[in-house]
């Protein structure tokens, strides 16, 4: 009776209730849709807030398992230098339209270079491409298990579609999908995603920068690329980060960069974890942040700040304070917290005396406690650039409907047109197991072969690597 009376009051006094509660009603029927509103506070912070229909609140309150669903809040802050950074939040997506139980949220950061065109294209298409690579009619468990592979296919498809336009700009891309307590992160480039939970900051991505990644250096050299720093003073002095030549890009993976070479791939590092019910904070930022502050410092500077948009501002301001505004500096903060939590998220860590630290270490050793296990459970982690390793044996068949699709870009293949990923490298002339799937179109197969050529080709040439940064090399691309 009380619920009916409340709904009656709500319908008779919409303006008063909306003003008091901060909600806006949607008069259209169907599933509840959030209304994203962006505002600029007097302190200059740009924030995004989602408001929900009042009618959906009573529906959610009647759900028996709603307490198991975390509450998401997010905010962003950026300082522009080149206007090539973008931060996107899509907080209410439905895998099955009209079914609220299939809701997930997506958060993305793009850091463009050589112009903003590739970043703009990617922010408009990446999430749709990932979802288009996902078979329909999957249960939540099946979808989460398939999602890492769909992310690989979606990133590669976005890269291929962009390169077809013939434009030379490129971008990093970090995509985070949150479904309940499960977090799936895919990344190419160096727009890092960090989880801060229970006072511990943990990177969820791998930077694809040559200075930080020996494996990527070896892969590029094996594929025919040359790596070195810019040289000045007749080649006597090396400056700046390691770069790949031609092109001068300091990233080994990105979307776009068609003019740099086929060895720059868009196959992302993917990590999937299950967060503990205690919750956590995600910090997703461009290299304007990470070039200036460490992972731990970024997490520490915004602990105890309950509003994510304020936390994002603290991170950006800390980076600019340390290094100045040399590049676009963007931060997107996502808080994942249990419902009905009265404790402010990410409380500041109190400073401990040496004696307190010693007591804590002794108690932890005696109890054999692994605090990392209490923060998250790792489900999936893969960084291989080899597409054949990242795609399962059934990746060419879409949901069993008999249509053969390219395992990378998911274009439709004729029955006799697909090339097996096991068919051997075009450059090696090895037949391989050409009858086994998955299959790719000729364009994707050529790109894969160019990216994974054997190091023997470089060894057999017997020529020393060319000196980098000297006359004749393309000017470097900033990232």
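In mature numbering (1 follows the signal peptide of the UniProt record, and there is no 0), the protein residues as written are -19 to -1, 1 to 460. Glycine residues also receive a C-beta, built at the ideal position from the N, C-alpha and C atoms.
Given residue i as reference, the closest of the options once Cα atoms are compared
i	options	result
residue 257	176, 236, 274	176
residue 499	167, 205, 143	In the structure as shown, the chain begins at -19 and stops at 460. Residue 499 is therefore absent and cannot be evaluated.
residue 208	219, 225, 243, 131	225
residue 469	355, 132, 228	With the chain running from -19 to 460 in the structure shown, residue 469 is simply not present.
residue 252	125, 210, 65	125
residue 290	262, 212, 183, 213	262
residue 229	247, 201, 371	201
residue 78	92, 63, 103, 112	112
residue 65	242, 308, 123	308
residue 392	142, 117, 93	142
residue 171	117, 192, 178	192
residue 357	122, 173, 259, 105	259
residue 89	95, 71, 76, 102	71
residue 76	60, 163, 121, 61	121
residue 271	184, 114, 389, 55	184
residue 127	371, 387, 390	371
residue 93	114, 61, 387	61
residue 365	114, 169, 146	169
residue 246	174, 367, 293	367
Span separating the alpha-carbon of residue i from that of residue j
i	j	result
residue 135	residue 424	16 Å
residue 319	residue 50	7 Å
residue 461	residue 317	For the chain, the structure presents residues -19 to 460; residue 461 sits outside this window and is missing.
residue 74	residue 218	52 Å
residue 273	residue 299	8 Å
residue 427	residue 180	46 Å
residue 306	residue 250	28 Å
residue 140	residue 161	29 Å
residue 58	residue 215	42 Å
residue 189	residue 276	16 Å
residue 429	residue 69	30 Å
residue 285	residue 278	14 Å
residue 123	residue 95	39 Å
residue 295	residue 116	41 Å
residue 301	residue 63	15 Å
residue 102	residue 422	23 Å
residue 360	residue 254	5 Å
residue 468	residue 355	Because the chain spans -19 through 460 in this model, residue 468 falls outside it and cannot be assessed.
residue 288	residue 248	34 Å
residue 109	residue 283	32 Å
residue 195	residue 321	46 Å
residue 297	residue 154	19 Å
residue 327	residue 56	No answer about residue 327 holds up, because its pLDDT of 49 lies below 50 and its placement is not dependable.
residue 244	residue 114	24 Å
residue 389	residue 173	24 Å
residue 220	residue 213	8 Å
residue 293	residue 67	14 Å
residue 146	residue 231	23 Å
Residue i - partner residues in DSSP beta bridges
i	result
residue 176	183, 263
residue 209	224
residue 60	310
residue 256	357
residue 236	152
residue 246	234
residue 55	315
residue 75	84
residue 165	158, 253
residue 94	151
residue 68	90
C-beta contact flag for residue i and residue j at 8 Å
i	j	result
residue 235	residue 152	yes
residue 199	residue 233	no
residue 119	residue 156	no
residue 149	residue 239	yes
residue 86	residue 159	yes
residue 98	residue 91	no
residue 129	residue 84	no
residue 227	residue 242	yes
residue 206	residue 144	no
residue 204	residue 369	no
residue 303	residue 182	no
At least 3 beta-carbon pairs within less than 8 Å: the stretch 266 to 274 vs the stretch 299 to 315: yes
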